[in-house]
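2 protein chains.
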Amino acid sequence: MVTAAAAPVWSVDPRTGKRREQVAVEATAAEVDAAVRAAHAARPALADRTARAALLRRAAELLDATGARVIEAADAETALGPGRLTGELARTTYQLRACADAVDEGAFLDVRIDHADPSLTPPRPDLRRHRIPLGPVAVYAASNFPLAFSVPGGDTASALAAGCPVVVKAHPDHPATSELVAALLRRAAADTGLPEGVVGLVHGFDAGVELVRHPLIAAAGFTGSVRGGRALFDAAAARPHPIPFHGELGSLNPVVVTEAAAAERAAEIGAGLAASMTLGVGQFCVKPGLVLVPEGPDGDRLLTALTAAVSDTEAGVLLDHRMRDAFVDGVRARAGLPGVEAPVTPGAGGDHTVAPGFLTLPAARLLDDPDGYALLLEECFGPVTVVLRHSGDGAVGAVLAHLPGNLTATLQLSAEEGAGTDPAGRGAHLLAEVTALAGRVVVNGWPTGVAVAPAQHHGGPYPATTSTATSVGATAIERWLRPVAYQDTPPALLPPELREENPLGLPRRVDGRPEPA
Amino acid sequence: MVTAAAAPVWSVDPRTGKRREQVAVEATAAEVDAAVRAAHAARPALADRTARAALLRRAAELLDATGARVIEAADAETALGPGRLTGELARTTYQLRACADAVDEGAFLDVRIDHADPSLTPPRPDLRRHRIPLGPVAVYAASNFPLAFSVPGGDTASALAAGCPVVVKAHPDHPATSELVAALLRRAAADTGLPEGVVGLVHGFDAGVELVRHPLIAAAGFTGSVRGGRALFDAAAARPHPIPFHGELGSLNPVVVTEAAAAERAAEIGAGLAASMTLGVGQFCVKPGLVLVPEGPDGDRLLTALTAAVSDTEAGVLLDHRMRDAFVDGVRARAGLPGVEAPVTPGAGGDHTVAPGFLTLPAARLLDDPDGYALLLEECFGPVTVVLRHSGDGAVGAVLAHLPGNLTATLQLSAEEGAGTDPAGRGAHLLAEVTALAGRVVVNGWPTGVAVAPAQHHGGPYPATTSTATSVGATAIERWLRPVAYQDTPPALLPPELREENPLGLPRRVDGRPEPA
């Protein structure tokens with residue numbers, strides 16, 4: 001058998017399209033296997049919750065301490081800019097520390113104890129249940145968040161918090177950053193007495209496919225495109241032993257502007273929309289991609305404000321040139337549909353940049369020929385949004401009925417609609433309609449900006465996500481666990497989490513009721 | 001297009017193999033579609049938690065009131081006997097009432113509120129999250145529980161509790177019982193002011209496949225074979241819009257008997273094993289199917305007791321003649337493997353019955369040729385178990401390493417091992433080993449008998465289940481929900497579950513902490 005030469009992995013400057021340096025080589029099947037085996041071997045060490053919390057906090061410390069270098073590395077290969085990356089680094093370390101706090105509290109263990117009851121028919125045995133780690137998790141890094149949804153990001157932090165080692169498949173848009181921060185995570189492991197195998201890193205498309213198929217991989221987390229995510233989801237489901245695949249794939253993030261809202265706040269909404277859809281050069285999974293704006297003069301004023309603000313927004317660099325080409329092609333295909341207009345034409349800016357813009361179409365045209373306009377209901381990654389001009393409730397409902405699942409849905413309501421005092425009860429009606437379509441509903445705000453908070457939900461009906469779980473917030477930890485119940489198990493053998501005297505001070509439900517703290 | 005004549009659905013007496021009556025016809029694709037649409041249309045009515053709880057309690061009342069007829073119908077087509085079916089009916093109504101109690105409490109809504117915090121960077125919006133019903137659920141009834149895991153069973157009860165209408169695919173082993181109890185459930189719906197579409201019923205293999213593929217079906221629950229369950233799981237995953245598929249497929253339910261346990265309790269363990277493996281003619285998904293018994297005189301005494309007890313157990317009727325044939329063939333294939341002995345030969349009893357028995361093999365033989373003995377590590381439905389004689393810890397660990405995932409694992413330990421005072425620490429070591437393999441661990445008891453309790457977990461690594469969820473106990477409700485978060489939503493528009501003043505008195509976490517009751 002002839003072994004092909006190892007394929008080089010290059011760090012590329014998206015501002016020039018030029019290679020910066022060779023960072024690594026793509027992992028062979030044997031290398032993927034070695035990384036997974038090292039992760040698998042690290043499970044017993046990660047079973048110690050105190051060690052897990054220490055690892056997460058040490059990782060945050062090292063990222064903070066190395067912040068300048070990390071931000072420089074990430075900016076060089078993503079062009080996201082030091083401002084955005086400084087915020088993203090803070091988000092990343094906040095997530096790591098929030099996960100450490102969740103580990104300390106232990107609510108995700110969902111401890112339940114039912115004492116034996118010999119008076120029942122049949123007699124009930126003693127049952128004690130908690131959640132245990134699934135095993136090594138494959139993490140697929142996102143292009144658009146080189147830190148917060150990549151090597152040290154939410155999937156990694158939540159998996160480690162759950163007690164699961166990870167093997168990260170690096171995104172080709174930031175391999176140097178990936179290597180740098182993976183080394184920091186491994187140093188954090190060493191500093192806290194854990195094996196370095198708790199965090200593995202592999203590069204390469206084929207390596208990513210090997211990873212999800214590896215028999216010792218127990219679950220996967222993914223943030224990326226519908227096409228790539230679905231292929232990996234299918235591979236996970238087709239395994240001899242299928243595994244949970246938590247993928248965040250794609251989302252249109254519809255916005256509905258009512259006539260009354262436009263009458264009240266046309267300029268504010270237009271400017272807010274422009275800021276949200278162009279933020280980070282439109283490279284957020286929660287970018288508003290479809291906006292229902294009323295016909296008539298108030299809607300026109302909204303578009304005037306949108307036009308002014310988008311026109312004032314500079315061209316920007318996308319994460320890589322393949323995305324730039326896809327954006328230019330995607331915009332061209334959409335703009336070429338009959339009746340579509342481009343008040344501000346999005347597309348190629350300079351040789352390496354793209355210019356933001358937006359497209360408009362009467363909602364009635366789309367409703368007359370939904371198949372012909374199906375492309376407008378697909379996400380287009382980059383600084384573009386599609387505005388459908390609507391004639392009121394009927395048209396809004398009809399358009400919403402055509403939409404796939406979404407991470408978010410946003411309502412722009414008037415004061416009266418928000419207060420529920422309008423005769424039509426429009427706010428409550430619209431809220432119910434968009435709740436069916438999305439995992440997070442935003443009222444009179446914008447979907448960009450996903451707070452890391454216990455009540456957050458970042459997920460939604462397919463294709464927004466492939467599961468009902470969230471990838472942001474403390475409940476993301478629950479993805480990497482499975483319950484196990486112990487029946488009539490002698491106290492001396494029980495894990496400390498399940499002992500009667502609650503030596504770890506965990507929140508728990510006893511005999512069906514929450515135990516007072 | 002020529003429409004084939006509707007295929008009849010017969011109720012069959014397994015005690016004679018004869019048809020009793022034609023109960024229904026197999027559902028056409030159009031009929032499946034109509035049932036799903038009726039379920040879908042019933043969603044708004046089920047959104048009312050008070051109505052759901054009333055429905056569940058009314059269903060339990062009607063089942064109790066009609067108990068004699070239900071038991072008679074189920075016995076006639078399953079031969080499970082009035083004693084077992086009386087217990088199963090009690091389990092079924094208990095489940096319905098326990099689900100109603102869970103609906104009243106509302107813990108499964110997992111309400112979380114994070115108040116806005118403008119002092120954070122970036123400022124945190126107000127976020128409020130709860131769980132909402134997924135939509136219509138397809139329930140695939142089990143052969144071996146005509147009530148508790150079928151039309152009015154745990155999947156149906158938990159889905160209705162979650163607010164999801166169901167369409168049940170009846171099992172062909174008890175179509176008359178299915179029609180009878182489905183009518184009771186629909187009457188319960190009518191009695192509580194709900195549309196009858198909250199519970200639909202279809203018959204036929206093809207109807208089952210149509211059901212999991214129907215675009216309006218949002219999730220599925222299944223209890224049955226690995227082959228059937230995997231085919232439906234694959235269909236669920238291959239949909240344009242994949243859906244959660246909670247399948248309970250198959251399990252060996254290994255038992256480990258230590259040398260010290262056999263020395264202390266050989267006769268008791270032998271008799272207990274006989275009772276557990278022959279209970280219900282061995283037709284439980286938690287039947288112990290593989291037992292590791294020590295070599296030597298104490299293990300011999302155990303087998304002597306097992307032999308005596310199994311020999312004293314009468315032949316019984318399986319659920320249908322196809323199962324009887326599969327049992328006879330499965331036992332013959334296993335008994336024919338080199339070195340396998342049959343101290344009590346299982347197989348055909350009379351024309352319509354099967355006789356219980358067990359097979360033995362030295363564990364070393366299996367470990368020398370695991371592929372050659374792979375059949376012994378597959379579930380064989382019916383009153384048979386496989387005893388592997390082991391030489392101690394090394395052999396036990398080696399056999400366990402070959403096992404697939406299981407619903408349960410059982411340890412028979414000595415008093416000293418249970419107390420953790422033996423020098424080898426064998427109890428804790430074995431507990432950790434079998435925890436990796438199973439969803440419920442039983443010590444010094446038997447796996448048959450799955451208590452309906454909040455701390456129960458009925459699930460396990462594949463192929464025991466296709467997800468990490470349980471199908472028994474209150475947490476089964478969580479399978480049919482997805483979270484949705486509301487950001488900066490005006491109080492007047494919020495669902496009552498998420499209002500600040502907590503008008504429904506729900507348990508909730510506020511700003512990251514459980515709120516005192």
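Protein chains in written order, with the UniProt record's numbering: chain X, 1 to 517; chain U, 1 to 517. Every residue gets a Cβ at the ideal spot worked out from N, C-alpha and C, and that includes glycine.
Judged by beta-carbon spacing, U:Gly349 lies beyond the 8 Å limit of U:Ala305, meaning their Cβ atoms are not closer than that value.
Chain-ordered, the chain U residues with CB closer than 8 Å to the CB of X:Val484 read Thr435, Ala438, Gly439, Arg440, Val441, His457. Under the DSSP definition of a beta bridge, X:Val443 partners with X:Leu411. Residue burial is scored here from C-beta neighbours: X:His457 has at least 16 other C-beta atoms within 10 angstroms and is therefore classed as buried. In this structure the region 436–452 of chain U does not touch the region 489–506 of chain U; the number of beta carbon pairs closer than 8 Å is below three. U:Asp114 is bridged by DSSP to U:Leu127. By the Cβ neighbour-count rule, X:Ser119 is exposed, with fewer than 16 other Cβ atoms within 10 Å of its own. Going by C-alpha positions, X:Leu366 is about 12 Å away from X:Leu403. Between U:Glu341 and U:Ala275, the alpha-carbon positions lie close to 21 Å from each other.
In the three-state reduction of the DSSP assignment, U:Leu56 falls in the helix class. Between the C-alpha atoms of X:Thr177 and X:Ala237 there is a straight-line separation of about 31 Å. Between the region 20–28 of chain U and the region 129–143 of chain U there are fewer than three C-beta pairs closer than 8 Å, too few to call the two in contact.
The three-state reading of DSSP puts X:Val344 in strand, counting E and B together. Around the beta carbon of X:Glu259, 16 or more other beta carbons sit within 10 angstroms, so the residue counts as buried. Between U:Leu63 and U:Leu184, the C-beta gap is smaller than 8 Å, which places the two residues in contact. X:Pro123 has its alpha-carbon roughly 6 Å from the corresponding atom of X:Asp117. With respect to the 8 Å criterion, X:Arg389 and X:Gly272 are not classified as neighbours on the basis of their beta carbons.
Restricted to the region 331–378 of chain U, the alpha helix (DSSP H) segments that are unbroken, complete and at least 4 residues in length are 363–368, listed in chain order. For U:Gly512 and X:Leu89, the gap between their C-alpha atoms comes out near 23 Å. Within the DSSP bridge table, the entry for U:Tyr140 names U:Lys169, U:Phe222 as partners. Taking a cut-off of 8 Å on C-beta distances, the region 152–166 of chain U touches the region 83–100 of chain U, as three or more cross pairs fall below it. Linking U:Ala142 to U:Gly221 through their CA atoms gives a straight-line distance of about 10 Å. Secondary structure in the region 288–318 of chain U: the beta strand (DSSP E) runs of 3 residues or longer, each lying completely within the stretch, are 290–294 in chain order. Contact annotation, U:Leu400 with U:Glu433: C-beta distance approximately 5 Å; criterion of less than 8 Å satisfied.
With at least 16 other beta carbons inside 10 angstroms of its own, U:Ser251 counts as buried. X:Gly228 and X:Asn406 have their alpha carbons spaced roughly 17 Å apart.
CA-CA distance, U:Gln283 to U:Phe327, rounds to 11 Å. Of the other Cβ atoms in all chains shown, 16 or more fall within 10 Å of the Cβ of X:Gly197; this residue is therefore buried.
In this structure, the straight-line span from the alpha carbon of U:Trp480 to that of U:Leu194 is close to 19 Å. In the three-state reduction of the DSSP assignment, X:Thr66 falls in the coil class, being assigned neither a helical nor a strand state.
Shortest Cα-Cα distance from U:Val151 to any of U:Leu430, U:His203, U:Thr313, U:Ala30 involves U:His203.
X:Val286 is positioned such that its CB atom lies no closer than 8 Å to that of X:Val317. In this structure, X:Val386 is the residue among X:His115, X:Val386, X:Ala419 with its C-alpha nearest to the C-alpha of X:Ala363. Excluding sequence positions up to five before and after X:Leu279, its CB lies within less than 8 Å of the CB of Lys287, Thr448, all in the same chain and listed in chain order. With respect to the 8 Å criterion, X:Ala261 and X:Leu437 are not classified as neighbours on the basis of their beta carbons.
In this structure, DSSP gives U:Asp13 an extended state, which the three-state scheme calls strand.
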